[in-house]
Amino acid sequence: MTSRISNSRDSDRVQTRTGVANAECIRSGDVSNALTESSSPRGSDGRDRPPKKAKTSGSDHRLVVPGDAAVAKQFHWQFSHLKDCPITEDPDSVANLVGHFKPDGCLLPSLRNMTEREAYVEMVVAHAKAMEANNEFAATLEKRLQDVPRSGELNEIKKVVRELKLGLKMAQDRERANDVQLAAAEKLGNQAATLEARLRVVSNKRRSALEQVSILYVAASRNDKEIESIGSEIKRLSKELEAIKREGREDAEKIEALTEDWKRVHLENKALESQIVAQRARIAALEVEWASKKNETSAEIRLLEVVANIDPLIELKDGGLTVDAELSRLKEMERDCADLLASATVPDWSIYKLDLPQVSDDPVYQVGGSSVPDDSASS
1 MTSRISNSRD
11 SDRVQTRTGV
21 ANAECIRSGD
31 VSNALTESSS
41 PRGSDGRDRP
51 PKKAKTSGSD
61 HRLVVPGDAA
71 VAKQFHWQFS
81 HLKDCPITED
91 PDSVANLVGH
101 FKPDGCLLPS
111 LRNMTEREAY
121 VEMVVAHAKA
131 MEANNEFAAT
141 LEKRLQDVPR
151 SGELNEIKKV
161 VRELKLGLKM
171 AQDRERANDV
181 QLAAAEKLGN
191 QAATLEARLR
201 VVSNKRRSAL
211 EQVSILYVAA
221 SRNDKEIESI
231 GSEIKRLSKE
241 LEAIKREGRE
251 DAEKIEALTE
261 DWKRVHLENK
271 ALESQIVAQR
281 ARIAALEVEW
291 ASKKNETSAE
301 IRLLEVVANI
311 DPLIELKDGG
321 LTVDAELSRL
331 KEMERDCADL
341 LASATVPDWS
351 IYKLDLPQVS
361 DDPVYQVGGS
371 SVPDDSASS
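Below you can see the structure in the form of structure tokens.
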């Protein structure tokens, strides 16, 4: 029993706060908020309620504070809507409801005794519809502003583009340095080929020296003196042969070092090419995302234009709007939209405007007298 009494008291408090809020909204001129709350299918607690029978009651305990004392001034009224339609579609109920909200000292006759009753009802309904349309338009604008890309997102995209450009520039610098190293490696390869030719000449000399040694051995069998001279000549030729062998080993080591340097430069060039391809893919993905965002914004703008054109046509059909008034309003909106578009223009950017590096594609390098194909593909 105690819980039921407390629940009823809580519901009375909720209704009192709702009535006070509606009274304050209509006193300040925002009649559409009070009408929307009274005709909404949801109550103040967020639950669904049937729209057939709506009862609005409110009491305003306004506090008058002369000095430090607070005195409660009673103000109360009651309104019941029992028709099977929203209150905004019942002109008499709207006029009766709005008639309760007027400043102190304003005397209005009742709706029955009013001389220009039809004109007053028409004026009140038009005012309520105008305020309701104004609220819907404000909600639409708020939703539109939430969907527009914010300056923070645009700045983030620009920051990413700047970072990618800086990375591309660094990659180009590294690629130019690698080209210089490749040219040096090619020069060393030519030197290695020259050394190989010299090695072949030395081998020919060795062969001829061996032939001479064999001839000298044949001649030594005939003369001992000739044998001694031939022995000394053989020693001299052996020393020359050892010197030639040492030179050949040194030349072979130089050729091997040059080959390793060329392979290292070739691998670094391939790594740079893969980095350039990845950066281009990121820029292309950003460009596709930007184009999709533009298409989405254009489609939403077309939809809003169609909705905005339908609403004035409906009001023209119902007789609540004139062509001249709507034309002047649309012209003012056109100027405002033009100013807004001029201030929100974003400069276009494209991947084709970026200074991307071009990787050279040399078919063959000559190192150590052998052909080494270059597998790198130019981007």
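All residue numbers for the sequence shown refer to UniProt numbering, where the first residue is 1 and numbers rise by one.
Glycine included, C-beta positions come from ideal geometry on N, C-alpha and C.
Bear in mind the structure is a predicted one, so any value in this text is a computation, not a measurement.
Annotated three-state conformation of F101 is coil, per DSSP.
Residue environment for N204: exposed (fewer than 16 other C-beta atoms within 10 angstroms of its C-beta). Pairing M131 with F137, the inter-Cα distance amounts to about 10 Å.
Counting along the chain, K331 sits inside the alpha helix (DSSP H) bounded by residues 323-343. Secondary structure of S80 (DSSP, three-state): strand. By the Cβ criterion, the stretch 241-250 is not in contact with the stretch 117-130, since fewer than three pairs of Cβ atoms, one from each stretch, lie closer than 8 Å. In this model, L97 and Q78 are separated by some 9 Å (Cα to Cα). The stretch 253-270 makes contact with the stretch 175-193, as at least three CB pairs between them are under 8 Å.
By the beta-carbon neighbour count (other beta carbons within 10 angstroms, threshold 16), Q279 is buried. Taking the Cα positions, T140 is about 32 Å away from V160.
Taking the Cβ atoms as the reference, R117 lies roughly 12 Å from L108, outside the contact range of under 8 Å. For D251 against L199, the beta-carbon gap comes to about 6 Å, under 8 Å, which counts as contact. Within the same chain, Cβ atoms closer than 6 Å to the Cβ of V202 are found at I244, the five residues on either side in sequence being excluded.
The three-state reading of DSSP puts D90 in coil, since its state is none of H, G, I, E or B. Bounds of the alpha helix (DSSP H) holding L141 are 117-147. By the neighbour-count criterion, in which 16 or more other beta carbons inside 10 Å mark a residue as buried, V180 falls on the exposed side. Inclusion of R206 and L241 in the CB contact set at 8 Å is warranted, their separation being smaller than that value. Here N269 carries a helix assignment [DSSP, helix/strand/coil]. A distance below 8 Å between beta-carbons, with the five flanking residues on each side excluded, links A171 to the following residues of its chain, in chain order: L272, Q275, I276, Q279, P357. Residues of the same chain with a CB within less than 6 Å of the CB of E334, apart from the 5 flanking positions on each side, do not exist. Contact between I283 and L164 holds, since their C-beta atoms are separated by about 6 Å, short of 8 Å. In the structure shown, the three-state DSSP call for G319 is coil. Uninterrupted beta strand (DSSP E) stretches at least 3 residues long and entirely within the stretch 239-287 do not occur.
When secondary structure is reduced to three states using DSSP, P312 falls in the helix class. A check of alpha carbon separations from R329 across N309, G152, L341 identifies N309 as the nearest. A Cβ-Cβ separation of about 11 Å leaves S80 out of contact with I87 under the 8 Å criterion. Ranked by Cα distance from A209, the first of V218, E233, E228 is E233.
When secondary structure is reduced to three states using DSSP, N295 falls in the helix class. Nearest to P91 by alpha-carbon distance, out of A133, Y120, K143, is Y120. Here R150 carries a coil assignment [DSSP, helix/strand/coil].
Looking from the CA of R144, the closest CA among I301, E332, G152 belongs to I301.
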